[in-house]
Every structure is written in C-alpha cells, then in structure tokens.
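**Student:** Dropping a structure here in structure tokens format, bear with me for questions.
There are 2 protein chains.
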Amino acid sequence: MANFIQPILLNGHWTSSIGTSVFHAVNPITEEQLPGNFPVSPWEEIETAINAAAKVSRQMRGWPGSRFADFLECYAKEIEARAELLIEAAHAETGLPVSPRLKDGELPRTTNQLRQAAKAARADTWRAPVIDPIAGIRAMLGPIGPVVVFGPNNFPFAFNGISGGDFAAAIAAGNPVIAKGHPCHPETTRIFGDAALTAIRETGMPEALVQLIYRTSHADGAKLVSDHRIGASGYTGARHTGLKLKAAADAAGKPMYLELSSINPVFIMSGALNERAAGLADEFTGSCLMGTGQFCTNPGLVVVPSGEAGTAFVTAVGERFAKAPVGTMLAEGVRTSFSAGIQTLIDAGATLVTGGLPGGGKGISFQNTLLTVHGRQFLVNPQVFQTEAFGNGSLFVLADSVAQMAEIAESLEGNLTGAIYSSTTGSDDADYATIEKPLRTKVGRLLNDKMPTGVAVSAAMNHGGPFPATGHPGFTAVGIPAAISRFGMLQSYDAVRPQRLPPVLQDKNPGGVWRRIDGEWTLKDL
Amino acid sequence: MANFIQPILLNGHWTSSIGTSVFHAVNPITEEQLPGNFPVSPWEEIETAINAAAKVSRQMRGWPGSRFADFLECYAKEIEARAELLIEAAHAETGLPVSPRLKDGELPRTTNQLRQAAKAARADTWRAPVIDPIAGIRAMLGPIGPVVVFGPNNFPFAFNGISGGDFAAAIAAGNPVIAKGHPCHPETTRIFGDAALTAIRETGMPEALVQLIYRTSHADGAKLVSDHRIGASGYTGARHTGLKLKAAADAAGKPMYLELSSINPVFIMSGALNERAAGLADEFTGSCLMGTGQFCTNPGLVVVPSGEAGTAFVTAVGERFAKAPVGTMLAEGVRTSFSAGIQTLIDAGATLVTGGLPGGGKGISFQNTLLTVHGRQFLVNPQVFQTEAFGNGSLFVLADSVAQMAEIAESLEGNLTGAIYSSTTGSDDADYATIEKPLRTKVGRLLNDKMPTGVAVSAAMNHGGPFPATGHPGFTAVGIPAAISRFGMLQSYDAVRPQRLPPVLQDKNPGGVWRRIDGEWTLKDL
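Protein chains in written order, with the numbering used here: chain A, 18 to 543; chain B, 18 to 543.
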C-alpha cells in the first residue's frame, strides 16, 4: 500500500489522478509523516472537473432552493456520522486539540453553518427579490456559476474548501463547487469528500455538484480561478498566494472573495487599564494564545497608553505569556512565517519582552512571544510594524497620547476586526470617540470590551474588511444570507411574461419570501 | 481670451491648472473646434484633490444622510436653474438633439436620479441594517471613502462623472467625489461644477465634497484609482481604457465599478416573426438607430431563424436602415471605432446588407449599417462576431434551428441585456425556455418582446451584467438603493455599547428605517 495514491473526486467518482507528483501530511505534534500519498493534480484533470461543474451548473439552472437545502442538510448528517473519523484525522493532521476545539467547537459549528445555509436556500432569503410593479421590472439574485473554494490550514472543518462557510454559501446559491483541499490536512478533506458524495447520492443531486482536488501547481491554480467556465472563487489563506490568484481572477473579470491577513488591532484606553488591568491581561492572553494564535481574528497589535500603567500592563502580559503552555503550530511553514514575522518586527525596532525562539511546546512550536514598540516609532514606519506574525505572539504599542492612538488607528491597513476597551464608568468616552472615528473605516467588525477571536455565525456578522484583509469591503465570508449573496448574480426581468418569471418574482408569494415591493419589505402577494 | 485655460474645481475653488497641456471639444455637427481651452491635469493637482477628498471624507464620518440629501436636492435645483446653458453646451459638444433627447429626456432623468438618491440617503434604505439581538451584533453599510467617477461620452448629463448615476450614488452613501469629466463635453461638465459648488455653499457642505478635473494622462488615471486614500471608483466608457484602470485598482485592492461594453443580443423566435415581422422591423430600427446607436444597451446582435421569413426580415430591416436619416456621432473617435468594428465583422465573414461607409449624415457620421452572418459561421468564431461596433449598426445572425440559437446564446460573453421575442399565442413557449436558460446567465437584464434601449430608473433595474459588460455580476449602476450600496463598506458592531451605535442600529427606530431583525424585515423598534 505504500505506493497507493489517494484518488480525487471527479464528476461523482473517486478517480485515480494522472499526476506523477504526490505529497504527504505531517503530524505537527510528532513531526512524523502521516500515511497516505495525495496527488498534485495536473491541468488535464482540473479541466475535467471544470467541464463537469459547468455542465452541472447549466443543468441546475432554475432548480428550487429546496433541492440544495436537502443536500446541505443530508451532508451535515453524513458529516456527523463520520465525526469520530474526522476528528481523529484532523487532530493528527493539525495538532488541534480534540476537545473542546475540534469535537465541541469546530465540528458543530460546521454542521450548523451547513444547516443555516440550507435554511436560507429553502427560504430564498439570499435572493433579495425586488419588484417594481409600475415599471414592470423585477429582480433577484441567481446562481453565479461553478465556484472554486480554497480552504485555509487553520480550520480543517469550518473553513475547509469542501465543508466550510464558502462551500455552504456557494451550494446554497445553487452552484456546483470544485473544492481545493489544503495540503496540511488532506485525509480530513478526503473524509468530507466521502460524506459529500454519499449525500449527493442520497438526495439525487448531480454527481458533479461537489468535486475535490487536493493540490495544484500555482500556475494551474491561477488558470482555474480565471477560467471562463468558472463563476467565482473563494480563498482563505496566506496573503502572497491569495494575491497571485486574485490577480489572475481579476484579469479575467472573475469575482474572487478572499480573506488574506489581519492583525486585529486592540486599543486599551487608560480608564480601562486603571480599572481592570489584571483581568484584561488574562483576557488578552487567553485570546492571543488560543489555538496557538492561529486565528484570522487573533489580536496581533495592541495599543496601550505609555507611562506606568501601560508599562506594568506589558510586564503583566509578558509574565502570563512566559508561564502559559506553548501550543503546537499547524505546520512547519506556519512556524517559519511566524518566526520571519517576529524577526521583521525586531529588525524594525521592536523590543522583545518574552519569547522569540522556536520550541517550548510539543512538536512544531515557537515560544509565546511578546514585543513592544513606542507609538512615535510605530508611526515612523507603520507599514512594517503591521507585518502579520500569524501565531502565538503580539506587538504592544505604547502610545503617548490619545491623539497618537488616533494617528496609529488612521495609519492602519484594512483589518477584519478592531477592538476598543474603555472604562465602564464612561470616563473614556470622549477618547473613545476620537479612536473610533478612524478605526471604524479600517475594520469590518468593531468590538467594545471584547477580544476579536470567536466569530459568531450571525446574520449581522462581518467577517470581512477593507483590503488587504479581504478583496472588497462590502462582503462578508460569515453571516447568512450575506455570505450566500456573494455567489449570486443580479438578474433583472423586464416585461417578462408572468408565467415565465421565477417563482419568487411572481405575483403570488405562497412560500412567504421577504420581498421588496415599491420600496417596502413584505411577505404578501403582489 | 484665446489663451485662457479653464480652471479646475479643487477643494471648493476654481483653480488655475498648473498643467501645460490643453485640449478642446469639437462640435460633431459642424466639425469645428469649440471655444474654451481645458487643461490636462498633472499628478500634483490630482494629489491635491485626493488629499482634500480624504480630509473631507474623515470629517463627514457619521454625518446623517439628511445632510447629503439636502445637498443632492439643492444640486438638482441648481441644475434646473442652469438647464438652458447645459442643454446648449451639451448640444454643441455632443450633437445630441435638444428635444426630446437632452431637454425632455436626459436632463429630467438626471435630476430625478439625484432626487431618488437623496430620498434613499434621507431614509437610510441603502444601509440595509441588520440586528442580531441575541448575539449582540449589529451591521450596516457605511461610506467607503472618496470616490472617483469617470463619465462616458454618450450621456453628457445622466452618466456625467459630476452629475450622473455613479456620482449621485457615491454622494448618497456619504462620500466625497472626484469627478473626471469626459473630454468630449468639458463645457457641459464645467457648468455642472458651477451648480455643484453653489449647492455645496447653499447647504453648508464641506467645499471638497465635489471636485472636478477634466483630463489626466492614462498613467495618472491609473495612479488615481489605485491611490490608498481612495475608497472606490466608477467608470463608464470604452473597454480598453476601463480594463487598464481596473487592473491598477485591482492590484491595489480598490473596488472599481465598471461598465465596459455590451452588444445586447436580441433573439427573435419564428412565431414572433410570422406574426408581426413589419412591426418588429420598425421597432428594431427605431431602437438601433436612436441616438445614432450610441447607447450602452443598443441592440448590436440579432438572432433570427434562417429561411424565408428570416431572410425577408433582414431585407426589411435593411430597407428601413437605408431610408432612415443618418444621425451625427458623438466624436471622430466614435466613428473610427465603429468603422473598425464593422470592418472586423466583415473580415471575419459577415456580409454587408446596407451601409458600411462613413458619411450620410450631418458632420461626423457613418451610414446606418446592417450585416448578416450564418449561425454556423458565427459559432466557428463567436468571439470575433461579438466585436462591439458602438453606433448605428447591427449584426443579424441567421440560425438554422432553435438548438443553434441556444448554442449561440451559450457562446455569448457577458452583456447588460438580452431580449427574446416570441409569439403572443404562446406557440414559441417551449423554444423560449430553450433560449432563456443559457441567455439568463449571460445578461444582467432579460427582456420579453421589448427592445433593450431605455433604462428605467427602477429599484428592480439591473444595469450591469457579467464580465466584460461590467467587472462584477452582482452590481448595478442604475437602480436605487442597489447602486448606492456599491459605495458602502460593511460595518459590523459587536458588543458595542448602545449609546455608541449609529442611529439606525439603536433599539429605537424613530426614523422608520427598514431593518432586518432576527431574519424579519421591520420598521419597528427593537
């Protein structure tokens, strides 16, 4: 079996790859190679997937949302039936703890997302129908076409290309998905493929609804997202790879939704610090080191007042970092990038408070690392001091004044989140306003007195933000129906005969879909 | 006065350009140069405009929609006060008829758009507030930042960078605008600038809310849309220039909404042809030659059944084209492009039915031109036969079967519109379905028994479509509030203290804004 290469899922069949190159996952705790050879797919088989997806996309045009909902719900069930296998594989491939992380957190979140997407597909909420009876024009969102989803390394379930948020959203909008697994956890991804295929068959969906390839060359990835038969793509991962894919998709006019990087600034006002420094140090340490800091919303930049209270706070956090257990990182590549990021910050002038060296935990690890820099120094080179060090580390900025804090906020790149901690008595409220104004335009989600880790699956969630956090500040990857709408195209019907209109645009509204008619939202018939 | 160079509108002041290069408009009817030297702005003054816009954008953060509404309404009034001047200037610069086009059509449409945008700004409808009371998360759209708007040559009022749909939408979303006038109608644009500045002062808005430059180098245009201080851009115009700007904006992660090209396919089924060929020939001729064919939604590709009825129809349209007056084109560049497009189609194998030569009308003109090609030939090289010839011409495709028509529909690039004409008796209904399925995914707006020219300003309008018609199939440039939302960024508030929330996200809803709370749209308080 040593030479057995795992097949890919093409057009409803587990198919031997024609590729000659293979890769393996590594257990980051034992640092040993895991069994299983997975193929790097050459263009020829990627093209087979594209053709099958394009054909299925045509075939499914006009299908009711209930069919996609049935599939998503059945798939959630099939995932639950494979929960133990998935958790075992993901633990081996990512080093993430079985409990509470994988078993009690991420897997239920994943099936919850699939079921929420199913509900939205069934209710047609994501279509946002608009009716102008006087002009005789009606509009809604329809499926955009085959979607490619690239999952990241840090959420083997909830953001996996074959089971995560982008996947659920693309299917709910009526599109087939070509999933590109992350090379760090191919076996986990394979098990999802098995569950998906079972659900496809159980619900009588076209077999190419979900296809799976594990890896491609960078050039073929770029060809894939820019192919004329593709409707759109979703990507969560490293910035440099994402930008290459984005450039290819942009040149071909193909929408690509990206989540690229974020340092998630946290501003702590003096009132908050004076009131509850120890509690804040605990709260920050918990958030920053959770999952070995490998969250998209990990707080990587903290701005505190300089002076005694601020300095004491840095020391307090440093002590906690030094005492806290060091987690295992997802992969050697993550450690290398983290180490390089820390070095860039030090080279730019940041001071090491604690950590700074590889090791300290089981397997692939790096010490919990805390750095500081003065506000005026940060502002001399704000770009470099915003270097993302993805992992269990953070940079504290000691600001001389609230005005300097605001200047730092104004100098920030786009981020997913930004948090402001202030006194519960309201003594910081004027300063809050000073910081909030610049910060609000730089981040997708603004928090008060709360750390950014933990992304609720809520209709009001924005897991997005201005570039380079994502590719467009109007879209969110989490939150239904907004996440689904990304995979829709706007379709207007002008003077189209009544019986030819899609059901949600007809006069009668038996399904009770929310529709905007003459500017008013209503569930009523026209 | 011969050397007087018109000033540009920078930060509330008509300012002498420091540029050394000038340009002039040409009257396309007389082919004579019009008085007035207009400057090509060098980067230094573009940067002044960007800085002023960025400052104003910061200043206006959090301002209520009513302030922008007041400005837009006042501006509409100031435009009306200058109606005669505007119409006279636009007629001289574009050759478009005073009545009904400029006076009774485009100018009222323009002020209507500004007032509709004002209404949406006042009512906060475009913000689409979402409240999740249990998770404690609330979201809405906020202004995206300074917006650059490039207007096209063909609508001196309704799509002008300083008065058109993109302009109105950007302001309604609370953003300052840097307008880039079209070099074909600078004097018209200047008069709008005068009206805008008056309205800014009357309503006490920041002076840099609207700035105006007439022309830049291509390189500086690319720098402008990709500048880090810019929030987004809007562009309506030629495909090749738009793609260069898009590439620059994309690389910088700056949203750019484009309208690039469209041949607006029309499919005429045999039942319709047998029933009302003469009426259809009149209707098509009227639509195709209106405004000398210089509409974004001009029907440039018509697919009819081959055989006797189809051939007779081509002949009938050809006779009408030959008899119809030849209109004046907007500019020599338009004629050159049209001529080149026609030649490309002929070189590819299309047959000339009528027209094909420059002249035939007053000033800059080109004969009304009709071409045909067989469906099988079209399908050999569908890309080339979709070459846009922007003007008073069209290509008729003679299709051998409904299946071939469907194949042609499937081979189409993205378009703004697509129309299907069928028998009123329903005899074509099965064939309609065959064509509609592929056509629906290729066009933003689908029409029945109606020509695509005439874009109603309706909430259900989609003046957009898949690439290369636009840059993203989810957005429309016409239709409120959707057009406004393009210039918003999604802003989520997580655990933000109640009194710090923007008014539309607070528990009380005194303004009666439509909000989605727990999945239900409501006007009520929480």
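Ideal placement from N, C-alpha and C gives every residue a C-beta, glycine not left out.
Keep in mind it's a predicted model, so treat the numbers as computed, not measured.
#1: Report the rounded CA-to-CA distance for T441 (chain A) versus L113 (chain A), giving the unit in angstroms.
#2: Can you give me the Cβ contacts of Y92 (chain B) inside the same chain, cut-off strictly under 7 Å, excluding the 5 residues immediately before and after it?
#3: What is the C-beta distance between Q403 (chain B) and L387 (chain B), in whole angstroms, given that I count them as a contact (C-beta under 8 Å)?
#4: Near M18 (chain B), what residues of its chain come up, given a Cβ to Cβ distance below 6 Å and the 5 sequence neighbours on each side ignored?
#5: For T32 (chain B), collect the residues of the same chain with a Cβ closer than 7 Å to its Cβ; drop the 5 residues on either side in sequence, then sort them by chain order.
#6: Counting only beta-carbon atoms, is Q508 (chain B) nearer than 8 Å to chain A?
#7: What is the C-beta distance between I148 (chain A) and L543 (chain A), in whole angstroms, given that I count them as a contact (C-beta under 8 Å)?
#8: CB L518 (chain A) to CB P146 (chain A), shorter than 8 Å?
#9: Nearest-angstrom Cα distance between I208 (chain B) and P490 (chain B)?
#10: From which residue to which residue does the beta strand (DSSP E) around Q384 (chain A) run?
#11: Identify which residue in A:S411, A:H480, A:L374 has its Cα closest to the Cα of P282 (chain A).
#12: Please compile the residues from chain B whose C-beta is within a distance smaller than 7 Å of the C-beta of S475 (chain A).
#13: Who are the neighbours of T458 (chain B) on chain E, taking C-beta pairs under 9 Å?
#14: Which runs of the alpha helix (DSSP H) spanning at least 4 residues fall entirely within the stretch 79 to 161 of chain A, listed in chain order?
#15: Between D87 (chain A) and the ligand FAD, is there a pair consisting of the residue's CB and a ligand heavy atom that are separated by less than 7 Å?
#16: Could you give the distance in angstroms between the alpha-carbon of F492 (chain A) and the alpha-carbon of K263 (chain A)?
#17: If you draw a straight line from the C-alpha of L318 (chain B) to the C-alpha of W143 (chain B), how long is it?
#18: In this structure, does DSSP put I35 (chain B) in helix, strand or coil?
#19: Going residue by residue through the stretch 344 to 418 of chain A, where are the continuous alpha helix (DSSP H) segments of at least 4 residues, counting only ones entirely within it?
#20: Skipping 5 residues on each side, what residues in its chain have a beta carbon closer than 7 Å to that of F395 (chain A)?
#21: Using 8 Å for Cβ pairs, my map puts F338 (chain A) next to N398 (chain A). What's the rounded Cβ distance?
#22: Decide yes or no for the touch test of the stretch 241 to 249 of chain A against the stretch 265 to 279 of chain A: beta carbon pairs closer than 8 Å, at least 3 of them.
#23: Taking the alpha-carbon of T328 (chain B) as reference, which of B:T314, B:H391, B:P173 has the nearest alpha-carbon?
#24: Out of B:T309, B:L229, B:T302, which has the shortest C-alpha to C-alpha gap to F330 (chain B)?
#25: Give a yes or no on whether the minimum CB-CB distance between M346 (chain B) and chain A is below 8 Å.
#26: Quick one: which unbroken alpha helix (DSSP H) runs of 4-plus residues sit fully inside the stretch 427 to 483 of chain B? Chain order, please.
#27: A569 (chain B) versus chain A: which residues are under 8 Å apart at the beta carbon?
#28: Should H561 (chain A) be flagged as near chain B, meaning a C-beta pair shorter than 8 Å?
#29: Give the straight-line distance between the Cα atoms of N526 (chain A) and S439 (chain B), rounded to the nearest whole angstrom.
#30: Are the CB atoms of V227 (chain A) and V194 (chain A) within a distance shorter than 8 Å?
#31: Taking the beta carbon of E62 (chain A) as the centre, do at least 16 other beta carbons fall within 10 Å, making it buried, or is it exposed?
#32: Name the chain A residues whose beta carbon is nearer than 8 Å to that of G481 (chain B)?
#33: Taking only beta-carbon atoms, is A268 (chain B) less than 8 Å away from chain A?
#34: List the whole-angstrom C-beta distance separating I179 (chain B) from L229 (chain B), where the pair is believed to meet the contact cut-off of C-beta under 8 Å.
#35: Classify K541 (chain A): buried if its beta carbon has 16 or more other beta carbons within 10 angstroms, exposed otherwise.
#36: According to the Cβ coordinates, are K454 (chain B) and A512 (chain A) closer than 8 Å?
**Tutor:** Considering the structure as presented:
#1: For T441 (chain A) and L113 (chain A), the distance between alpha carbons rounds to 36 Å.
#2: Same-chain partners within the cutoff: L131, A212, A213, A216.
#3: Their Cβ separation, rounded to whole angstroms, is 17 Å, which puts Q403 (chain B) and L387 (chain B) out of contact at 8 Å.
#4: Because the pLDDT at M18 (chain B) is just 44, under 50, the model does not fix this residue reliably, and the point stays unresolved.
#5: Leaving aside the five residues that flank T32 (chain B) on each side, the residues in its chain whose CB is nearer than 7 Å to its CB run, in chain order, P24, I25.
#6: Chain A, which has a Cβ nearer than 8 Å to the Cβ of Q508 (chain B), makes this yes.
#7: Going by Cβ atoms, the distance from I148 (chain A) to L543 (chain A) rounds to 6 Å, so yes, they are a contact pair.
#8: Their beta carbons are not under 8 Å apart, which means L518 (chain A) does not touch P146 (chain A) by this criterion.
#9: Straight-line Cα distance between these residues: approximately 34 Å.
#10: Per DSSP, Q384 (chain A) belongs to no beta strand (DSSP E) and is neither H nor E.
#11: Nearest of A:S411, A:H480, A:L374 to P282 (chain A), Cα basis: A:S411.
#12: Identification of chain B residues near S475 (chain A) by a Cβ-Cβ cut-off of 7 Å yields D149, A152, I154, ordered along the chain.
#13: The question asks about chain E, but that chain is absent: this structure's protein chains are A and B.
#14: If we require 4 residues or more, the alpha helix (DSSP H) runs fully inside the stretch 79 to 161 of chain A come out as 82 to 98, 100 to 111, 124 to 140.
#15: No copy of the ligand FAD appears in this structure; indeed no ligand is present at all.
#16: Straight-line Cα distance between these residues: approximately 15 Å.
#17: When rounded, the distance between both Cα atoms is 35 Å.
#18: Residue state, collapsed to three classes: coil.
#19: Qualifying alpha helix (DSSP H) stretches, in chain order: 349 to 365, 392 to 397, 399 to 402.
#20: For F395 (chain A), where only same-chain residues beyond five positions count, the Cβ hits under 7 Å are F402, V414, I425.
#21: 25 Å between Cβ atoms; not a contact.
#22: Contact holds: three or more Cβ-Cβ distances are below 8 Å.
#23: Ranked by how close their Cα comes to the Cα of T328 (chain B), the residues B:T314, B:H391, B:P173 have B:H391 in first place.
#24: Among B:T309, B:L229, B:T302, the Cα nearest to that of F330 (chain B) belongs to B:T302.
#25: No, its Cβ sits nowhere closer than 8 Å to a Cβ of chain A.
#26: If we require 4 residues or more, the alpha helix (DSSP H) runs fully inside the stretch 427 to 483 of chain B come out as 446 to 457.
#27: Coverage of chain B is limited to positions 18 through 543, which leaves residue 569 (chain B) absent and any answer about it impossible.
#28: Residue 561 (chain A) cannot be examined here, being either before or after the span of chain A that is shown, 18 to 543.
#29: So the two alpha carbons sit approximately 27 Å from each other.
#30: Contact flag set, yes.
#31: Classification of E62 (chain A): buried, given that the 10 Å Cβ count is 16 or more.
#32: Counting only Cβ-Cβ distances below 8 Å, G481 (chain B) has contacts in chain A at L507, in chain order.
#33: For A268 (chain B), the answer is yes, since a Cβ of chain A falls inside 8 Å of its Cβ.
#34: Correct: roughly 6 Å between the Cβ atoms.
#35: Using a 10 angstroms sphere on the CB of K541 (chain A), the tally of other CB atoms stays under 16, which defines it as exposed.
#36: The Cβ-Cβ distance between K454 (chain B) and A512 (chain A) does not fall below 8 Å.
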